[in-house]
Amino acid sequence: MSAGSAEPKGGERAQVRSLLEIDRRERLAPGHRACAGCGPMIAVRQILQAYPEDPIVVNATGCVEVVTSVYPETSWLVPWVHVAFENSAAVASGVEAAMRALRRRGEIERERPVVVFAGDGGTFDIGIQALSGALERGHRMLYVCYDNEAYMNTGIQRSSATPYGAWTTTSPYGSVWPGKREAKKDIVAIVAAHGVPYAATASISHWKDLMTKVRKALSYDGPTFLHVYAPCNRGWRFDPSLTVEVAKRAVETRFFPLYEVENGRYRITLPVTKPRPLEDFLSIQGRFRHLLLPQYREALEELKRMVDERWERLTRLASARRAE
Amino acid sequence: MAHAVRQSNVDLVAAYPITPQTVIVERIAEFAANGEFKGEFVPVESEHSAMSACIGGALTGARVFTATASQGLALMHEMLYAASGLRLPIVMAVANRALNSPLNIHGDHSDIMGSRDSGWILLFAENVEEAYDRVIQAFRIAEAVNLPVAVNLDGFTLTHSAEVVRMLPDDAVESFVGRPPRRPTLLDDPPKSFGLMSLPDTYQFFKEDQQRAMEGAPPAIRAVEEAYRKISGREYGPVKRFLSDDADIVMVMLGSYAGTARVAAAQLRSEGIRAGVVSLGWYRPFPADELLRAVEGAGSIVVMDRSVSYGASAHPLASDVMTALYKAGLRKRVLSVVYGLGGRWFAEEDAKRLFRHAAEPGPDFESFFYYGGDRS
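What follows is the structure, encoded as structure tokens:
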């Protein structure tokens with residue numbers, strides 16, 4: 000077993016085209032403590048319903064964990080474990096490896112799928128070492144990073160997933176700062192550089208694309224990665240009714256491109272040929288609204304430049320694939 | 000120790016290299032490479048991930064093992080509490096070593112004393128054979144009481160020594176350890192959730208349960224030791240007593256220097272100094288009753304610590320010994336001695352000097368760092 004050596008079993012059959020194809024059984028019970036309009040909880044529900052088999056879920060410390068697991072209650076209708084913030088990939092490694100040993104002993108018939116849910120802080124920042132180790136060792140797991148672009152559980156602090164120019168409590172805008180001063184880390188490229196068979200972005204606003212990617216990822220015998228855009232209305236400062244709309248505009252403005260890297264080959268899964276103006280995405284969120292003021296014009300231009308560059312880079316990478 | 004792991008039907012070893020633990024893990028990797036170790040060997044990218052992977056593995060019901068030392072134990076410190084809080088029967092060897100800074104790779108007990116209160120059963124081995132025996136016992140102890148067990152052995156002194164070890168046959172160990180008893184796992188149907196968040200109304204209940212489990216562990220540990228004696232003829236128990244029954248001065252120790260102290264105690268008898276030695280096989284749960292029986296006749300107790308509790312009057316082992324004395328209403332002359340830090344040598348002559356010093360009249364309590372002669 001090594002990263003990248005596996006063959007996909009899903010292929011075209013992984014494609015999700017209609018709600019009728021979805022297993023309607025809920026894996027996440029209602030009544031959890033998440034805020035109204037929580038993007039990450041939509042992501043978790045969609046991902047768990049995408050695949051017919053119940054996985055073992057390893058959950059990093061964060062919003063999803065705390066709102067689903069206050070003793071003596073649990074929202075999880077699948078096996079679930081939380082250990083800490085930075086080590087979900089390592090815990091999942093142990094679960095996966097132990098199941099292999101138990102199967103060899105004949106004590107279990109087969110290994111169950113293992114799915115990790117970790118936020119952007121638990122993935123881009125504090126968990127990246129454990130993630131890198133697990134990817135390199137080739138454990139069979141789907142690692143899902145639900146990205147709400149800051150440390151929301153602790154009160155909206157910036158992470159390395161926070162985009163340039165965004166306001167957070169530790170990247171406020173002022174007379175000197177434009178909001179966050181650094182660019183967002185390209186986590187998919189970092190993951191793909193490990194040579195894993197499958198890594199992709201997805202958004203809760205494009206559920207067919209997201210569910211298709213879950214099925215594809217879980218068909219691989221190796222580590223796979225999903226970077227899921229999951230807006231947080233509390234942290235991004237928008238009305239709870241707009242969660243899916245915000246996610247949708249992120250895709251339609253090319254702010255959050257949907258693509259996959261399958262066996263090293265990039266493919267844009269939702270080509271955005273006529274992008275909406277970036278302002279359509281920024282203006283409905285309090286965290287970006289300052290960028291529309293005259294004094295932050297330069298920062299707005301810088302952010303637009305970053306968005307364009309990313310899209311061009313992805314297009315280049317995807318066309319390199321077509322040229323093969 | 001690697002042989003003990005190979006023989007103990009272990010399913011998962013997740014470990015990261017650190018001197019002086021590496022020899023244990025290298026051997027397990029060799030066994031895996033040759034098919035002699037039947038479990039999965041997961042060479043993780045840090046000790047933090049080693050314990051994390053052990054936690055994940057143990058939650059499937061598998062038997063898991065890791066080994067570490069020093070900085071590695073410090074790095075996995077956070078996860079030690081997760082392992083014990085989740086009541087997972089993980090077994091770990093700790094090749095006790097000093098902590099940076101300054102950097103030092105040699106033996107002392109600073110590492111495990113830093114993690115003393117993490118809810119693990121702590122056993123100490125004095126020699127290589129005992130370390131082998133304790134690892135085999137540890138799996139059954141851990142699984143009997145649902146607490147993780149750390150088997151401590153002095154770095155280099157025991158990890159890098161050539162000693163005769165009377166290994167047991169593979170089948171004897173395999174049948175002694177058997178397979179882990181059933182416990183709640185991630186593979187259960189209906190599904191279970193592990194590692195929930197607990198608010199101020201309930202958190203303390205879980206912590207008291209851990210304390211009760213620790214307090215209730217001695218009979219289970221005894222039962223495993225007795226069963227092991229039947230297959231091996233070897234038994235260690237909570238305390239090992241040497242010439243302590245009629246001793247005026249008893250030296251209380253953890254780890255490999257107990258043998259050195261025993262030689263000193265035996266030789267001092269010819270000088271008319273009635274010295275004895277008590278070496279602890281268990282440190283947590285602390286065997287206060289057995290310790291008291293071993294020291295009740297003595298006038299002076301020399302408690303030897305290979306670690307420092309900075310700013311405290313008495314160092315870790317000395318604090319435990321004095322608490323035991325207080326509970327029993329005994330007041331004796333107690334010397335809290337720090338020695339052997341960072342592998343500093345301690346020979347028979349050093350033990351004799353301390354015995355002689357304790358034999359002299361002096362204050363009820365003294366605390367000092369021992370160097371042997373002068374500090375140079």
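Chains as they are written, first to last, in numbering that gives the first Met the number 0: chain A, 0 to 323; chain B, 0 to 375.
No residue lacks a Cβ here, since even glycine has one placed at the ideal position from N, Cα and C.
The structure displayed is predicted, hence computed values, not measured ones.
Report the start-end ranges of each alpha helix (DSSP H) in the stretch 199 to 232 of chain B that is 4 residues or longer and not cut off at the edges. Within the stretch 199 to 232 of chain B, the complete alpha helix (DSSP H) runs of at least 4 residues are 202 to 214, 216 to 231.
Classification of residue 28 of chain A by the beta-carbon crowding that lies within 10 angstroms, buried from 16 upward: In the first sequence, counting from the first residue as 1, residue 28 of chain A sits at position 29. Residue 28 of chain A comes out exposed.
Between residue 47 of chain B and chain A, is any beta-carbon pair separated by less than 8 Å? For this step, residue 47 of chain B is matched to residue 48 along the second sequence. Cβ-Cβ to chain A under 8 Å: yes for residue 47 of chain B.
Where does residue 284 of chain A sit, in a helix, a strand or coil, going by DSSP? The residue given as residue 284 of chain A occupies position 285 in the first sequence. Coil, per DSSP.
Considering only the alpha carbon of each residue, which of A:169, A:187, A:235 lies closest to residue 179 of chain A? For the purposes of this step, residue 179 of chain A is identified with residue 180 of the first sequence, where counting begins at 1. Checking every option, the nearest Cα to that of residue 179 of chain A belongs to A:169.
Identity of the residues DSSP links to residue 30 of chain B by a beta bridge: Looking up residue 30 of chain B in the second sequence gives position 31. Beta-bridge partners assigned by DSSP to residue 30 of chain B: none are found.
Would you kindly check if the distance between the Cβ of residue 146 of chain B and the Cβ of residue 66 of chain B is under 8 Å? Residue mapping note: residue 66 of chain B aligns to position 67 of the second sequence, counting from 1. Residue mapping note: residue 146 of chain B aligns to position 147 of the second sequence, counting from 1. Note that the C-beta distance between residue 66 of chain B and residue 146 of chain B is not below 8 Å.
Can you list, in chain order, the residues of its chain with a C-beta nearer than 6 Å to that of residue 325 of chain A? Leave out the 5 residues immediately preceding and following it. Limits of chain A in this structure are 0 at one end and 323 at the other, which puts residue 325 of chain A out of reach.
Taking residue 252 of chain A as the reference, which of A:296, A:268, A:303, A:295 has the closest Cα? Here residue 252 of chain A corresponds to residue number 253 of the first sequence, with the count starting at 1. For the set A:296, A:268, A:303, A:295, the Cα lying nearest the Cα of residue 252 of chain A is the one of A:303.
Give me the Cα-Cα distance between residue 140 of chain B and residue 4 of chain B, rounded to the nearest whole angstrom. Position 141 of the second sequence, counted from the first residue, corresponds to residue 140 of chain B. Position 5 of the second sequence, counted from the first residue, corresponds to residue 4 of chain B. Roughly 15 Å between the two C-alpha positions.
Can you have a look at residue 30 of chain B and say buried or exposed, based on whether 16 or more other CB atoms are within 10 angstroms of its CB? The sequence position of residue 30 of chain B within the second sequence is 31, counting from 1. Under this definition residue 30 of chain B is a buried residue.
Is the Cβ of residue 3 of chain B closer than 8 Å to any Cβ of chain A? Counting from one through the second sequence, the residue named residue 3 of chain B turns up at place 4. For residue 3 of chain B, no Cβ of chain A is located within less than 8 Å of the residue's own Cβ.
State yes or no: is the beta carbon of residue 65 of chain B nearer than 8 Å to at least one beta carbon in chain A? As a position in the second sequence, residue 65 of chain B is number 66, starting the count at 1. No, residue 65 of chain B does not count as interfacial toward chain A.
Could you check how far apart the C-beta atoms of residue 217 of chain A and residue 112 of chain A are, in whole angstroms? I think they sit under 8 Å. For this step, residue 217 of chain A is matched to residue 218 along the first sequence. For this step, residue 112 of chain A is matched to residue 113 along the first sequence. 5 Å between Cβ atoms; contact.
Check for me: the alpha helix (DSSP H) holding residue 235 of chain A runs from which residue to which? Indexing the first sequence from 1 puts residue 235 of chain A at position 236. It spans 232 to 235 - the alpha helix (DSSP H) in which residue 235 of chain A sits, taken as one unbroken run.
Pair within 8 Å by beta-carbon distance, residue 84 of chain A and residue 49 of chain A: The residue labelled residue 84 of chain A in the question sits at position 85 within the first sequence. The residue labelled residue 49 of chain A in the question sits at position 50 within the first sequence. Remark: C-beta atoms of residue 84 of chain A and residue 49 of chain A do not approach each other more closely than 8 Å.
Taking only three categories from DSSP, how would you classify residue 65 of chain B? Within the second sequence, residue 65 of chain B is the residue found at index 66, counting from 1. Correct three-state label for residue 65 of chain B: strand.
Continuous beta strand (DSSP E) assignments of at least 3 residues falling wholly in the stretch 112 to 192 of chain A: The stretch 112 to 192 of chain A is shown to contain whole beta strand (DSSP E) runs of 3 or more residues at 113 to 118, 140 to 146, in chain order.
How about residue 46 of chain B and residue 128 of chain A: do their beta carbons lie closer than 8 Å? By one-based count along the second sequence, residue 46 of chain B stands at place 47. By one-based count along the first sequence, residue 128 of chain A stands at place 129. No.
Which first and last residues belong to the beta strand (DSSP E) in which residue 240 of chain B is found? Within the second sequence, the letter at position 241 stands for residue 240 of chain B. Membership of residue 240 of chain B in the beta strand (DSSP E) is indicated by the continuous run 238 to 241.
Apply the 10 Å Cβ neighbour rule to residue 311 of chain B and answer buried if 16 or more other Cβ atoms are within range, or exposed otherwise. Your numbering for residue 311 of chain B matches position 312 in the second sequence. Of the residues assessed, residue 311 of chain B falls on the exposed side of the cut-off, its CB having fewer than 16 other CB atoms within 10 angstroms.
For residue 130 of chain A and residue 88 of chain A, believed in contact at Cβ under 8 Å, the rounded distance: Here residue 88 of chain A corresponds to residue number 89 of the first sequence, with the count starting at 1. Here residue 130 of chain A corresponds to residue number 131 of the first sequence, with the count starting at 1. About 4 Å; that satisfies the 8 Å criterion.
Local conformation of residue 223 of chain A per DSSP, three classes: To locate residue 223 of chain A, count along the first sequence from 1; it is residue 224. Judged by DSSP in its simplified three-state form, residue 223 of chain A adopts strand.
Own chain partners of residue 255 of chain B with C-beta closer than 6 Å, once the 5 adjacent residues on each side are dropped: Position 256 of the second sequence holds residue 255 of chain B. A distance below 6 Å between beta-carbons, with the five flanking residues on each side excluded, links residue 255 of chain B to the following residues of its chain, in chain order: 125, 153, 156, 157.
Roughly how many angstroms separate the alpha carbons of residue 113 of chain B and residue 47 of chain A, rounded to a whole number? Locating residue 113 of chain B in the second sequence gives position 114, where the first residue counts as 1. Locating residue 47 of chain A in the first sequence gives position 48, where the first residue counts as 1. Our two residues, residue 113 of chain B and residue 47 of chain A, have alpha carbons roughly 41 Å apart in a direct line.
Does residue 255 of chain A come out as helix, strand or coil in the three-state DSSP assignment? Taking the first sequence and counting its residues from 1, the one referred to as residue 255 of chain A is at position 256. DSSP places residue 255 of chain A in coil when its eight states are reduced to three.
Given 8 Å, three or more beta-carbon pairs between the stretch 131 to 139 of chain B and the stretch 325 to 333 of chain B: Between the stretch 131 to 139 of chain B and the stretch 325 to 333 of chain B, the count of Cβ pairs shorter than 8 Å is below three; the stretches do not touch.
What does residue 128 of chain A reach in chain B if we use C-beta pairs closer than 7 Å? Within the first sequence, residue 128 of chain A is the residue found at index 129, counting from 1. For residue 128 of chain A, the chain B residues whose Cβ falls inside 7 Å of its Cβ are 44, 45, in order along the chain.
Under 8 Å by beta carbon: chain B residues contacting residue 99 of chain A: In the first sequence, residue 99 of chain A corresponds to position 100, counting from 1. Chain-ordered, the chain B residues with CB closer than 8 Å to the CB of residue 99 of chain A read 39.
Which residues, in chain order, does the stretch 47 to 61 of chain B contribute to contact with chain A at a C-beta distance below 9 Å? Within the stretch 47 to 61 of chain B, the residues whose Cβ lies closer than 9 Å to some Cβ of chain A are 47, 48, 49, 50, 51, 52, 53, 54, 55, 56, 57, 58, 59, 60, 61, listed in chain order.
Closer than 9 Å, Cβ to Cβ, to anything on chain B: give me those residues from the stretch 65 to 79 of chain A, in chain order. Those would be 65, 67, 68, 69, 70, 71, 72, 73, 74, 75, 76, 77, 78, 79, in chain order.
CB residue 248 of chain A to CB residue 151 of chain A, shorter than 8 Å? Here residue 248 of chain A corresponds to residue number 249 of the first sequence, with the count starting at 1. Here residue 151 of chain A corresponds to residue number 152 of the first sequence, with the count starting at 1. Residue 248 of chain A is not a Cβ neighbour of residue 151 of chain A, given a cutoff of 8 Å.
Whole-number beta carbon distance between residue 259 of chain A and residue 163 of chain A, since they are thought to touch under 8 Å: Counted from its first residue, the first sequence places residue 163 of chain A at position 164. Counted from its first residue, the first sequence places residue 259 of chain A at position 260. A Cβ-Cβ distance of about 24 Å is found for the pair residue 163 of chain A and residue 259 of chain A, leaving them out of contact under the 8 Å criterion.
Taking C-beta pairs closer than 9 Å, name the residues in chain A that residue 198 of chain B reaches, listed in chain order. Along the second sequence, read from residue 1 onward, the residue named residue 198 of chain B stands at position 199. By Cβ distance, chain A contributes 69, 70.
Contact with chain B by residue 205 of chain A, beta-carbon distance below 8 Å: As a working mapping, residue 205 of chain A is identified with position 206 in the first sequence. No, because no Cβ of chain B sits closer than 8 Å to the Cβ of residue 205 of chain A.
Expressed to the nearest angstrom, what Euclidean distance is found between the alpha-carbon atoms of residue 205 of chain A and residue 289 of chain A? To locate residue 205 of chain A, count along the first sequence from 1; it is residue 206. To locate residue 289 of chain A, count along the first sequence from 1; it is residue 290. C-alpha separation (whole angstroms): 28 Å.
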